[in-house]
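Student: Okay, here's the structure, questions in a sec.
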């Protein structure tokens with residue numbers, strides 16, 4: 001990863017984000033404590049003091065949220081260093097996390113579950129922790145993306161090796177919400193995987209905004225980056241459906257995907273007009289439809305941003321920027337069509353049918369009393385309709401400037417003001433050139449323009465298979481056999497002796513090999529070998545990854561001298577699912593907080609009688625009584641034998657289904 005102490009603009013922003021996250025955590029804890037006290041006390045004087053304190057804390061939280069929004073709209077830092085005259089694009093900030101120490105939990109699990117010397121895996125555990133630390137400050141290029149993907153894939157191995165479906169191993173993951181700054185703490189590795197995926201998408205957006213939009217190659221790279229960002233966020237939405245963080249909720253991810261595709265569409269339009277827009281009839285028709293499409297997608301983004309529950313958490317300036325871009329590009333569409341009508345009179349050599357067809361495609365309907373062909377032929381009608389479009393363009397430009405002026409964050413972005421002002425002046429100048437004394441007679445209303453595009457913009461699914469990753473804990477053995485889901489006996493040593501050239505058993509399977517057709521009266525059986533045992537070592541040499549032929553080669557030494565085998569036996573486990581998890585609750589902003597506020601309360605009294613059936617997500621008894629500011633985590637209550645006899649059908653589901 002990048003040097004976390006480097007004084008770059010992006011690192012400064014991330015450091016500010018980390019500081020704000022800590023301040024928000026402190027304020028949330030204070031609010032939770034005050035609400036608990038308010039609910040517990042009956043003294044009116046104390047209640048008044050607590051209510052006053054709550055008002056201060058809530059005000060402080062609002063200020064901190066506005067500061068975090070300021071970081072999210074600090075788009076200039078992420079743009080290309082070259083001077084440009086383009087509206088800035090919006091990147092996503094990386095989610096921040098706390099340090100995690102894997103050492104003791106993983107070493108304990110290796111000793112307990114795999115019955116191996118955990119000190120032999122110090123280097124592997126260190127490599128895993130180093131990779132996680134590097135992923136907190138990835139470089140803003142393909143190398144950074146590859147590193148994040150490699151960690152995401154490595155987590156898949158770690159999950160299968162060390163995270164059994166029946167219990168947690170004591171590793172707590174903490175990630176901060178990118179928009180609210182509120183931390184989420186879980187012992188669930190799926191939170192880690194989902195957060196890394198979010199950061200992959202966020203890094204793609206930062207790569208896209210960094211591309212040079214003054215070159216063809218730069219715009220192509222920007223389009224590709226935003227499409228990949230949309231693909232990763234879409235994959236996150238479909239894979240992790242009940243994430244406990246607002247920035248990864250399905251509704252929020254849906255809006256972010258739309259925003260990334262809209263920015264890709266914007267770059268496509270810039271790409272088309274990069275070499276200049278020729279003042280030619282059919283070229284302007286094409287540009288009108290393309291820019292109208294950009295305005296339409298930003299209008300849809302703005303509409304989605306103003307829907308509950310996203311409206312409460314999306315940065316206000318993002319919503320206003322989407323509205324500004326929608327108005328700006330709609331104004332450009334009306335300006336282009338006005339240029340067609342005002343500057344291109346029908347000449348004798350022009351193809352009337354082609355021009356009529358092209359112009360008809362721009363409208364759903366034309367103003368009453370007008371025909372497209374008549375407009376093309378009649379100079380007065382052309383001018384009147386063209387001026388109507390210019391008036392509408394000016395209205396849209398003025399609305400964009402008005403909204404920009406009302407938003408403090410956007411008002412400070414100089415290049416945005418310059419682009420909007422220049423476009424407005426251009427439309428005013430064009431209108432002034434067409435103005436005559438009889439303008440008051442023109443009452444035509446410009447019709448809406450139909451958007452159309454020849455360029456398809458869609459999400460690009462993440463290609464995880466392109467990144468090759470080796471399992472850090474390869475020495476534990478093949479993952480299909482040596483995983484956290486299966487339990488084994490401790491390795492047993494079997495002394496194998498020569499019996500007239502026969503072993504007394506056969507071998508089958510891949511890696512590791514398995515004993516079958518065991519002769520019950522052979523010396524190996526007498527020494528403790530059992531049918532179905534897996535051979536993990538021959539003569540002190542590890543053979544978990546060896547096939548039948550390789551193991552037989554090693555067993556040939558039996559003819560000359562005894563050899564020691566180490567074998568393990570599979571234990572039947574009736575594992576019940578651990579349903580403890582956090583879930584995202586739509587529209588519950590006031591009840592959202594973090595697990596760590598209630599870590600002590602979350603310990604459920606084991607003596608309490610459990611219900612006969614567990615729902616899919618079971619709410620703990622004490623959790624129901626928590627403060628209104630805390631989103632309680634569902635918890636399975638450890639119960640009696642009666643509960644084990646009547647399990648819910650959902651307890652037979654896979655862990656991923658129950659947790660996310």
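Numbering (UniProt numbering), first residue to last: 1 to 660. C-beta: ideal position from N, C-alpha, C; glycine also.
1) Could you give the DSSP three-state label for residue 519: helix, strand or coil?
2) Can you tell me whether residue 661 is helix, strand or coil according to DSSP?
3) Considering only the beta carbon of each residue, do residue 64 and residue 20 sit closer than 7 Å?
4) The beta strand (DSSP E) spanning residue 492 covers which residue range?
5) With three or more beta-carbon pairs closer than 8 Å as the criterion, would you say the stretch 425–437 touches the stretch 332–347?
6) Excluding five sequence neighbours on each side, which residues of the same chain lie with their C-beta closer than 8 Å to the C-beta of residue 532?
7) Taking the alpha helix (DSSP H) that residue 125 belongs to, which residues open and close that run?
8) If you check the beta carbons only, do residue 420 and residue 390 fall under 7 Å apart?
9) Any idea what DSSP makes of residue 167, helix, strand or coil?
10) Quick check on the DSSP output: the alpha helix (DSSP H) that includes residue 565 runs from which residue to which?
11) Applying the 10 Å Cβ sphere with the 16-neighbour rule, what's the burial state of residue 232?
12) DSSP puts residue 174 in a beta bridge; with which residues?
13) Count the C-beta pairs between the stretch 460–479 and the stretch 308–318 that are closer than 8 Å, then say yes if the count reaches three, no if not.
14) Start and end of the beta strand (DSSP E) containing residue 506?
15) Give the straight-line distance between the Cα atoms of residue 152 and residue 457, rounded to the nearest whole angstrom.
16) Quick one: what does DSSP say residue 318 is sitting in, helix, strand or coil?
17) How big is the Cα-Cα spacing for residue 251 and residue 122?
18) How is residue 213 classed by DSSP in three states: helix, strand or coil?
19) Below 6 Å, is the gap between the Cβ of residue 113 and the nearest heavy atom of the ligand SAH?
20) Just curious, the alpha helix (DSSP H) that residue 384 is in, first and last residue?
21) Could you give the distance in angstroms between the alpha-carbon of residue 286 and the alpha-carbon of residue 354?
22) Under the three-state reduction of DSSP, which class applies to residue 502: helix, strand or coil?
23) What does a CB cutoff of less than 6 Å around residue 294 pick up in its chain, not counting 5 residues either side in sequence?
24) Taking C-alpha atoms, which residue in 100, 321, 241 and 431 lies nearest to residue 407?
25) Below 8 Å, how does it come out for the stretch 183–200 and the stretch 108–120: are there three or more Cβ pairs, yes or no?
26) Under the DSSP definition of a beta bridge, which residues are partnered with residue 449?
27) Where do the ends of the alpha helix (DSSP H) carrying residue 676 lie?
28) Which of the three DSSP states is assigned to residue 542 in this structure?
29) Span of the alpha helix (DSSP H) holding residue 302?
30) Looking only at C-alpha atoms, which of 508, 181, 86 and 94 sits nearest to residue 546?
31) Which of the three DSSP states, helix, strand or coil, is assigned to residue 514?
32) With 16 as the cutoff for other CB atoms within 10 Å, does residue 170 come out buried or exposed?
33) Is there a C-beta anywhere in chain C that falls below 7 Å from the one on residue 518?
34) Are the CB atoms of residue 382 and residue 375 within a distance shorter than 7 Å?
35) If you measure between the beta carbons of residue 323 and residue 302, is that distance less than 7 Å?
36) Please report how far the alpha carbon of residue 434 lies from the alpha carbon of residue 211, in whole angstroms.
Tutor: The relevant details are as follows:
1) Residue state, collapsed to three classes: coil.
2) Beyond the ends of the chain as shown, which are 1 and 660, falls residue 661; an answer cannot be given.
3) Cβ atoms of residue 64 and residue 20: closer than 7 Å.
4) Where residue 492 is concerned, the enclosing beta strand (DSSP E) stretches over 492–496.
5) They touch, by the three-pair rule.
6) Non-local C-beta neighbours of residue 532 in its own chain, meaning closer than 8 Å and more than five positions away in sequence, comprise 514, 515, 516, 569 and 570, ordered along the chain.
7) First-last of the alpha helix (DSSP H) with residue 125: 122–134.
8) Against a cut-off of 7 Å, the Cβ pair of residue 390 and residue 420 comes out as no contact.
9) Looking at residue 167 - three-state DSSP - the assignment turns out to be coil, as it is neither helix nor strand.
10) That residue, residue 565, is in no alpha helix (DSSP H); its beta strand (DSSP E) goes 563–568.
11) Classification for residue 232: buried.
12) Answer is 185.
13) The answer is no - the stretch 308–318 does not touch the stretch 460–479, with fewer than three Cβ pairs under 8 Å.
14) First-last of the beta strand (DSSP E) with residue 506: 506–508.
15) Near 27 Å, if we compare the C-alpha coordinates of residue 457 and residue 152.
16) DSSP places residue 318 in the helix class (H, G or I) of the three-state scheme.
17) Between residue 251 and residue 122, the C-alpha separation is close to 42 Å.
18) Residue 213 sits in coil when the DSSP states are folded into three classes, being neither helix nor strand.
19) Absence of the ligand SAH from the depicted structure is noted, as is the absence of any ligand whatsoever, leaving it without description.
20) Residues 379–406.
21) Approximately 13 Å, taken between the alpha carbons.
22) In the structure shown, residue 502 sits in a strand (DSSP, three-state: E or B).
23) Scanning its chain for C-beta atoms nearer than 6 Å, with the 5 sequence neighbours on each side dropped, one finds around residue 294 the residues 265, 266, 269 and 329, in chain order.
24) Looking only at 100, 321, 241 and 431, the smallest Cα-Cα distance to residue 407 is reached by 321.
25) The stretch 183–200 vs the stretch 108–120: no contact.
26) In DSSP, residue 449 forms a bridge with 363.
27) The requested residue 676 does not occur in the structure, where the chain is confined to residues 1 to 660.
28) In this structure, DSSP gives residue 542 an extended state, which the three-state scheme calls strand.
29) 281–305 is the extent of the alpha helix (DSSP H) around residue 302.
30) When only C-alpha atoms are compared, the closest one is 508.
31) In the structure shown, residue 514 sits in a strand (DSSP, three-state: E or B).
32) By the 16-neighbour rule on beta-carbons within 10 angstroms, residue 170 is exposed.
33) The structure shown contains no chain C; it holds only a single protein chain.
34) Yes. Within cutoff.
35) Yes, the Cβ-Cβ distance between residue 323 and residue 302 is below 7 Å.
36) Distance between the alpha carbons of residue 434 and residue 211 is about 39 Å.
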